[in-house]
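K.L.:
Mind looking over this structure? Questions follow.
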Amino acid sequence: MNFKSLIGRMKKMNQQQNQKQTQNQGENQTFNQLELSDVLDDNMTAIKQFMENPRDLVARTFQIRNANVTCGIIYIDGLVNGELVNNDVIKPVQTAAAHDKLPDATMAVFDMLFQDIIATGDVKKGKTMDDVMNALLSGTTILLLDGMNQALLIDLKKWEQRSVGEPVSETVIRGPRDGFVENLQTNLTQVRRYIRDVNLRFDTHQIGRRSKKDLVVAYVDGIIHPDILKEVNRRLKTIDMDDAPESGFIEQWIEDSFLSPFPQVINTERPDKAATAIMQGKVVILLDGTPFVLIMPATLDNALQSPEDYYERWTIGTLVRMLRYTAAFIAVFLPALYIALVTFHQEMIPSNLAFSIAATREGVPFPAFIEALLMVGTMELLREAGARLPRTIGQTIGIVGGLVIGDAAVQAGIVSPIMVIVVALNAIASFAIPTYSVSIAFRILVFGMMIAAGAFGLYGIILGYIVINIHLTNLKSVGVPYTAPFAPTFLKDFKDLVFRAPVPLMQKRPEYVKPQDDQSANKGD
Amino acid sequence: MKHFEYADEKITDKELMIAMPSVVIGVGILSMPKKIATETEAADGWIPLVVAGLLFLFMSWGFAKFVAQFPNQSFLEYSSRIIGRRASILIIIGYAILVVLGIASQVRGLADVAKEYLFDQTPIEVVGLLYVLLVIYAVCGSRAALFRMSMLFFPIVISITLIVLAFSMKEFELGNVMPAFTTDTKGYFEAMKSSIRSYIGFGIILFYMVLVKRPAKAPKMVAIGMVIPIVVYILLYVVIIGIFGNAITSNLIYPTVELAKNVSIPGEFLERFESIFFVIWIMATFTSSILFLDAGVYGLTSILGNNRKIPIVLILSPLIYFVSMVPEELQYVQLFGMVWGYSLLIYTLSVVSILMIVAKIRGMI
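From first to last, the protein sequence lines stand for chains X and L. First residue of the first sequence? That's 71 in our numbering, and the numbers climb one at a time after it. First residue of the second sequence? That's 86 in our numbering, and the numbers climb one at a time after it.
Dropping the structure here:
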């Protein structure tokens, strides 16, 4: 059978398969198992033909000096360290026969290259076309030998990448300054540096039917409950998409309920936060190409915690947490309360305040509900515009926005000054939530609560609150109830909830994830 | 998905304990002091409250003890073994009817109080409808979530009660409470009838015991749980009498809400505290309604032999809503509540005693 025609057929088949949703198992296997030919030219042509010889593909053949052996080297320019390829692969191979005579059998030469000549740590053997192509696309250098139906896959990856910097989305005053980057390997190193435990495990998955990306599930064996791990791995295996450009895709594929506004997976850019989660008995999912790693399972109280709570002394940690819980309530309920009080229950406002509110509302053409909707809506616009603008003109939005929703709106008589205070407080409170994804969820709920309050006053607010509670108590994250450890109640976990107990007293890992080894600290003598 | 034992549809000790006050404390407490004050002198009403409370504590303990002898069996299973399947189905249907009436009376009571204290414009039909919709949403969800919700709401309800009690204390007059023990026997007897109605609701353990994780500990937990409403009732009653005096209390329709109305928060950043109190009290009523309804639905699903509770909820809830809107005046609403209270009491007592006696005769316990 002609090898070239087979390659051509396979290529066509491969493209068709990718287009089809369901992959035919049988055909796929033949493609995966298509073995390399023992003619060097055939292999080189096949690889080039597969990719239609793109610009960044480097493929050349060369001879081993003093021996009649032809080698081929293939890599993608820009994904490998060219200098190392020259010094550690091409040069030693070319001069392989300078001192000793090469063995006659090609097999022996191949083994000698593998064992002796190539001066690189990570070298593997590849037998099938699939091995070679996947390795090539992920930045591995391929060394082929004429007369040999195997390839050496030499890992000399290097590409331009952002250096480790301070995470932008989560800043702390005290704590490590490093953040995750877009390179999986660097991120794994960072996790490894934080957790020097032999039981730290990295399970690898490949995600994406076309663009095969590495995804790593990191956990500490012996702490994590095996059911959590099994379930996360099971869900990851169900992922079947072309490409996962960001971990958000993974998150949305494996979350428990996509109808919920609450994120059931916490994401972070901070290695210390990820490491703490791993040590608590959770799973961390790292995807190549994004600095955002996922933490599962997540509960609502995770959203209101920041790593810094632990770094500062416990009194500060506790007070800050209380502040955040208050902020969470302000972020969801304040505009609704204002609407309810002004529209339905004026008698509840102390009379002096009621008079001044009434005086400021004099001339405001809209009912409180419309007024609040306008202002909170404008606030959202400002926030979104501020996030998308280039940094250089980003300040403009602050000034313009401050004028628009502040002074000008009041002077124009469109809104009352009290409304401006309410909206500002509400916005500040929602920015005090350390987890952005949960903060957004709260911003959505604000509107729901405002409608409830506009229609039914305090009664509407309490019904809204009950609805949120019904939803939360039904929600789970990888099987862990979202409202844990409040309900189901784990009193031991209350040490690290609204209160943050002094460090020597926090001896147990959180009970709600059922860690296998629950002792995280001892009494100390 | 079953991953962790605690995430299963099981009831833990703590949840069972909290479920008791959650289901017992409802809308009735808002008007209860009036009924007792009418029959008794000074603050003597605490005596029937304590007596009735202790009576119910022992009864619920006894029920739990009895039902716990059939671990991991649903009500239908164990009662079929005792009195036969047909009779058991009749019992469940009877319970479901009482549940419909009971929640209807709660809905109506709540809507009436809302009209009185929260808004006078909005029709009670709308207030009631929203509440029923919310109950449907909750009961259609997972059963464990209902117990979790009770756990979440209970501390809030207790806190608001304590706040109301604490801030009313400065107006407390000992003269209103004294002299003690001046009520005649007939008064005590009449007051007992009203007190007893405030404690009913523990019948849910008949149906929920199968879900309890450790049935052996259930009687203890149920008994501890029943202590909470007794304490809350007595505190509220004595403080209300101490502030308003017996005569005024017996003329107030909702003395408990009036108590909250009397509260002045230091700093005076909010007036009319009773609106806040009542709004938070809706949570107490809500947990009571959902646990009641779900117990009934649980019984009915076991008859049909499947686990689909949503159709049953959707059949029962319109009934609840319509029944709740039938009585036209306040006196009928109260009569309705009274009739329901007594029927549930008689029903629960007779069902359990029949079950117990037959089981005893057959030598099953």
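Glycine included, each C-beta is placed from N, C-alpha and C at the ideal position.
#1: Taking the alpha carbon of residue 161 of chain X as the point to measure from, which residue in X:224, X:506, X:181 and X:134 has its own alpha carbon closest?
#2: Could you tell me which chain X residues have their CB closer than 8 angstroms to the CB of residue 249 of chain L, listed as they occur along the chain?
#3: Using only the alpha-carbon positions, how far apart do residue 371 of chain L and residue 279 of chain L sit?
#4: Assuming residue 291 of chain X contacts residue 269 of chain X (C-beta within less than 8 angstroms), just tell me the rounded distance between them.
#5: On the three-state DSSP scale, how would you describe residue 98 of chain X?
#6: Do residue 132 of chain X and residue 143 of chain X come within 9 angstroms of each other at the CB atom, strictly closer than that value?
#7: What separation, rounded to the nearest whole angstrom, lies between the Cα atoms of residue 177 of chain X and residue 260 of chain X?
#8: Taking only beta-carbon positions, decide if residue 236 of chain L is within less than 9 angstroms of chain X.
#9: I need the straight-line Cα distance from residue 227 of chain L to residue 383 of chain L, nearest angstrom please.
#10: Within 9 angstroms of any Cβ in chain X, is that where the Cβ of residue 94 of chain L sits?
#11: With distance defined between alpha-carbon atoms, name the residue in L:362, L:110, L:214 and L:426 nearest to residue 345 of chain L.
#12: Quick one: using the 10 Å Cβ neighbour count with 16 as the cut-off for buried, is residue 587 of chain X buried or exposed?
#13: Determine, for residue 289 of chain X, whether the minimum Cβ-Cβ distance to residues of chain L falls below 9 angstroms.
#14: Is the CB-CB distance between residue 177 of chain L and residue 160 of chain L below 9 angstroms?
#15: Alpha helix (DSSP H) containing residue 169 of chain X: first to last residue?
#16: At a CB-CB cut-off below 7 angstroms, which residues of chain L make contact with residue 539 of chain X?
#17: For residue 345 of chain L, decide whether its Cβ has a neighbour in chain X, counting only Cβ atoms nearer than 9 angstroms.
#18: So with Cβ pairs under 9 angstroms, would you call residue 178 of chain L a contact of chain X?
#19: Nearest to residue 263 of chain L by CA position, among L:390, L:444, L:438 and L:127, is which residue?
#20: Would you tell me roughly how many angstroms separate the C-alpha atoms of residue 420 of chain L and residue 194 of chain L, rounded to the nearest one?
#21: Quick check: what's the CA-CA separation for residue 377 of chain L versus residue 368 of chain L?
#22: What residue from X:256, X:583, X:236 and X:304 has the CA that sits closest to residue 340 of chain X's CA?
#23: Quick one: which chain L residues come within Cβ less than 9 angstroms of residue 556 of chain X?
#24: Could you compute how far the alpha carbon of residue 581 of chain X sits from the alpha carbon of residue 99 of chain L?
#25: Note the first and the last residue of the continuous beta strand (DSSP E) segment covering residue 142 of chain X.
#26: Work out the CA separation of residue 116 of chain L and residue 196 of chain L for me, nearest whole Å.
#27: Can you give the Cα-Cα distance for residue 268 of chain L and residue 130 of chain L, rounded to whole angstroms?
#28: Less than 9 angstroms separating the beta-carbons of residue 521 of chain X and residue 527 of chain X?
#29: Taking the C-alpha atoms as reference points, what is the distance between residue 436 of chain X and residue 445 of chain X?
#30: Would you list the residues sitting across from residue 132 of chain X in a DSSP beta bridge?
#31: Residue 418 of chain X CB to nearest chain L CB: under 9 angstroms?
#32: With 16 as the cutoff for other CB atoms within 10 Å, does residue 541 of chain X come out buried or exposed?
#33: To which residues of the same chain is residue 217 of chain L closer than 7 angstroms at the C-beta, ignoring the five residues directly before and after it?
#34: Kindly say whether residue 531 of chain X, judged by its beta-carbon, lies nearer than 9 angstroms to any beta-carbon of chain L.
#35: Nearest to residue 545 of chain X by CA position, among X:180, X:329, X:220 and X:288, is which residue?
#36: Can you tell me which of the three DSSP states residue 557 of chain X falls into?
P.N.:
Reading it off the structure:
#1: Among X:224, X:506, X:181 and X:134, the Cα nearest to that of residue 161 of chain X is on X:134.
#2: Contact annotation for residue 249 of chain L against chain X: no contact, minimum CB-CB distance about 15 angstroms [criterion: below 8 angstroms].
#3: Straight through space, the alpha carbons of residue 279 of chain L and residue 371 of chain L are spaced by roughly 22 angstroms.
#4: Indeed, because the Cβ distance is near 4 angstroms, the residues count as touching under 8 angstroms.
#5: With a pLDDT of only 48 at residue 98 of chain X, under 50, the local geometry of the prediction cannot be trusted, and the value read off the model is given with reservation. In the structure shown, residue 98 of chain X adopts helical secondary structure according to DSSP, grouped into three states.
#6: Closer than 9 angstroms, so yes.
#7: CA-to-CA, the gap between residue 177 of chain X and residue 260 of chain X works out to about 40 angstroms.
#8: Residue-level contact by beta carbon holds for residue 236 of chain L and chain X, with a gap shorter than 9 angstroms.
#9: Taking the straight line joining both Cα atoms gives about 12 angstroms.
#10: At a cut-off of 9 angstroms between C-beta atoms, residue 94 of chain L does not count as an interface residue with respect to chain X.
#11: Checked all of L:362, L:110, L:214 and L:426; the closest Cα to residue 345 of chain L is L:362.
#12: Exposed, because fewer than 16 other Cβ atoms sit within 10 Å of the Cβ of residue 587 of chain X.
#13: Not an interface residue.
#14: With contacts defined by Cβ atoms closer than 9 angstroms, residue 177 of chain L and residue 160 of chain L form a contacting pair.
#15: Looking at the DSSP string, residue 169 of chain X is not in any alpha helix (DSSP H), and its letter there is neither H nor E.
#16: The answer, in chain order, is 234 and 237.
#17: False, the Cβ-Cβ gap to chain X never drops below 9 angstroms.
#18: At a cut-off of 9 angstroms between beta carbons, residue 178 of chain L makes no contact with chain X.
#19: It is L:127 whose Cα lies nearest to the Cα of residue 263 of chain L.
#20: Distance between the alpha carbons of residue 420 of chain L and residue 194 of chain L: 12 angstroms.
#21: Each residue's Cα considered, the two are about 14 angstroms apart.
#22: The shortest CA-to-CA distance from residue 340 of chain X to any of X:256, X:583, X:236 and X:304 is the one to X:236.
#23: Those are 233, 236 and 237, listed as they occur along chain L.
#24: Between the alpha carbons of residue 581 of chain X and residue 99 of chain L lies a distance of about 16 angstroms.
#25: Taken as a continuous stretch (DSSP letters only), the beta strand (DSSP E) holding residue 142 of chain X covers 139-146.
#26: Straight-line spacing of the CA atoms in residue 196 of chain L and residue 116 of chain L works out to 14 angstroms.
#27: Whole-angstrom Cα-Cα distance: 9 angstroms.
#28: Against a cut-off of 9 angstroms, the Cβ pair of residue 527 of chain X and residue 521 of chain X comes out as no contact.
#29: Their backbone Cα atoms lie some 12 angstroms apart in a straight line.
#30: Secondary-structure assignment with DSSP links residue 132 of chain X through a beta bridge to X:141.
#31: With 9 angstroms as the cut-off, residue 418 of chain X counts as an interface residue toward chain L.
#32: Looking at its Cβ environment, which holds 16 or more other Cβ atoms inside 10 Å, residue 541 of chain X is buried.
#33: Within the same chain, residue 217 of chain L has close Cβ partners 192, 402, 405 and 406.
#34: For residue 531 of chain X, the answer is yes, since a Cβ of chain L falls inside 9 angstroms of its Cβ.
#35: Comparing alpha carbon positions, the residue from X:180, X:329, X:220 and X:288 closest to residue 545 of chain X is X:329.
#36: In the structure shown, residue 557 of chain X adopts coil according to DSSP, grouped into three states.
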